[in-house]
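Participant:
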Ligand SMILES: [Zn+2]
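Residue numbers (our numbering): 8 to 387.
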């Protein structure tokens with residue numbers, strides 16, 4: 008059997024975009040960690056992801072494996088942002104990207120540009136909070152919030168031909184929010200308070216727990232798969248409030264036919280696996296984490312996630328943001344980790360080779376195709 012790593016068809020069901028402007032060395036390094044810039048005297052190249060970039064991305068830019076960081080950054084500058092992006096995105100060999108364009112979107116390639124750079128396709132995922140924040144910026148009144156939001160979300164989904172929506176409730180209020188849909192009067196009051204508070208230094212930020220619930224229940228009405236950020240993320244997050252188990256009541260409350268996509272999950276990927284095993288609508292990925300734990304531990308994390316997650320419920324994502332390196336690295340690390348795990352099963356005599364190949368295709372692309380109903384949404 009060969010599951011060789013380079014040929015597995017991949018759909019990246021959660022990623023962002025690549026920075027469109029040139030990056031100086033500090034800006035590059037800041038994007039190489041969820042913690043941003045490294046403290047003085049340290050480098051983000053001295054992390055599993057940093058070493059993996061030197062190992063796996065350097066050859067794509069015609070350098071030797073393990074090229075020193077300074078050489079890598081110099082070569083990057085020589086080739087220019089467009090060429091570097093095109094080479095690394097193509098090297099990821101990812102057929103389709105589902106892109107959350109709702110975070111720092113102006114700095115990033117659009118979904119269409121991202122797909123073109125990779126020689127693949129891209130479709131959009133609408134971020135629920137961004138739609139509400141845009142409405143607030145338009146000067147909406149509190150009394151009409153619920154209806155205006157429902158209309159705006161429907162319009163956003165239609166105009167972008169989105170195949171799913173995403174919630175960053177984990178970042179804004181934590182996942183321990185009340186599960187039930189809020190009453191109309193509650194929404195009106197909460198909207199009143201939120202709109203009165205006004206935008207913060209970085210613009211409007213939807214962080215009211217009642218409104219977060221109102222958005223989610225509007226999304227349930229739309230009926231597209233709902234992605235949730237869970238687990239690992241940047242410093243804006245209180246990680247202990249991002250454990251996907253905190254969504255248990257919400258999962259029980261939504262229709263069983265509505266896919267709930269638990270993104271990232273690490274270090275709660277075993278908990279997420281339990282939810283996927285227990286509830287028909289729950290799907291799981293370990294995106295982001297595989298890049299940051301690096302190739303040395305990616306296999307262990309993936310294996311832990313697959314202890315309980317049914318094979319029809321695991322998806323691939325990179326959660327790459329900003330650097331094209333992270334798309335390539337994620338695809339390399341994921342393909343290798345999955346191939347090794349499945350080959351072990353076959354070599355130990357537990358699985359047939361045919362089953363291993365079948366499961367690889369389910370996880371790489373088949374589950375995403377089914378859960379997002381991609382064929383019926385004109386994505387091939
Ligand atoms: Zn993300």
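Here a beta-carbon is modelled for each residue, glycine too, at the ideal position from N, C-alpha and C.
Determine the closest residue to residue 190 out of 49, 234, 176, 218, with distance taken between C-alpha atoms.
Facilitator: 218
Participant: Enumerate in chain order the residues of its own chain whose CB-to-CB distance from residue 380 is below 7 Å, with the five nearest sequence positions on each side excluded.
Facilitator: none
Participant: Taking the straight line between their C-alpha atoms, what separation do you get for residue 157 and residue 176?
Facilitator: 18 Å
Participant: Among the residues of its own chain, which have a CB less than 7 Å from the CB of residue 155, if the five just before and after it don't count?
Facilitator: 142, 147
Participant: Going by beta carbon distance, what residues of the same chain come within less than 6 Å of residue 257, once the five residues before and after it are set aside?
Facilitator: 186
Participant: Can you name the start and end residues of the alpha helix (DSSP H) that residue 161 belongs to?
Facilitator: 152-167
Participant: Where do the ends of the alpha helix (DSSP H) carrying residue 49 lie?
Facilitator: Segment: none, residue 49 is in no alpha helix (DSSP H) and carries neither H nor E.
Participant: How big is the Cα-Cα spacing for residue 174 and residue 136?
Facilitator: 7 Å
Participant: Going by DSSP, what residue range makes up the alpha helix (DSSP H) through residue 178?
Facilitator: Following the DSSP letters along the chain, one finds residue 178 inside the alpha helix (DSSP H) bounded by residues 176-179.
Participant: Roughly how many angstroms lie between the CA atoms of residue 354 and residue 100, to the nearest whole one?
Facilitator: 27 Å
Participant: With a 10 Å radius around its C-beta and 16 neighbouring C-beta atoms as the bar for buried, classify residue 359 as buried or exposed.
Facilitator: With fewer than 16 Cβ atoms within 10 Å of its Cβ, residue 359 is classed as exposed.
Participant: If I follow the unbroken beta strand (DSSP E) through residue 385, where does it start and stop?
Facilitator: Unbroken run through residue 385: none, as it is neither H nor E.
Participant: Would DSSP call residue 70 helix, strand or coil?
Facilitator: coil
Participant: For residue 21, which of helix, strand or coil comes out of DSSP?
Facilitator: Note: residue 21 maps to strand in three-state DSSP.
Participant: Run the proximity test for residue 235: is its beta-carbon closer than 7 Å to any non-hydrogen atom belonging to ligand 3?
Facilitator: Ligand 3 is absent from the structure shown, which contains only ligand 1.
Participant: Using a threshold of 8 Å, state whether the C-beta atoms of residue 211 and residue 114 are closer than that.
Facilitator: no
Participant: In the DSSP assignment, the beta strand (DSSP E) including residue 239 goes from what residue to what residue?
Facilitator: Counting along the chain, residue 239 falls outside any beta strand (DSSP E), and DSSP gives it neither H nor E.
Participant: Reducing DSSP to helix, strand and coil, say where residue 184 ends up.
Facilitator: Three-state DSSP puts residue 184 in coil, outside helix and strand.
Participant: Would the beta-carbon of residue 128 fall within 8 Å of that of residue 103?
Facilitator: yes
Participant: Provide the residue(s) that pair with residue 233 in DSSP beta bridges, ordered along the chain.
Facilitator: 172, 267
Participant: Rounded to whole angstroms, what is the Cα-Cα separation between residue 215 and residue 197?
Facilitator: 7 Å
Participant: With a threshold of 6 Å on Cβ separation, who are the neighbours of residue 324 within its own chain once the five nearest residues in sequence on each side are excluded?
Facilitator: 19, 20, 21, 292, 294
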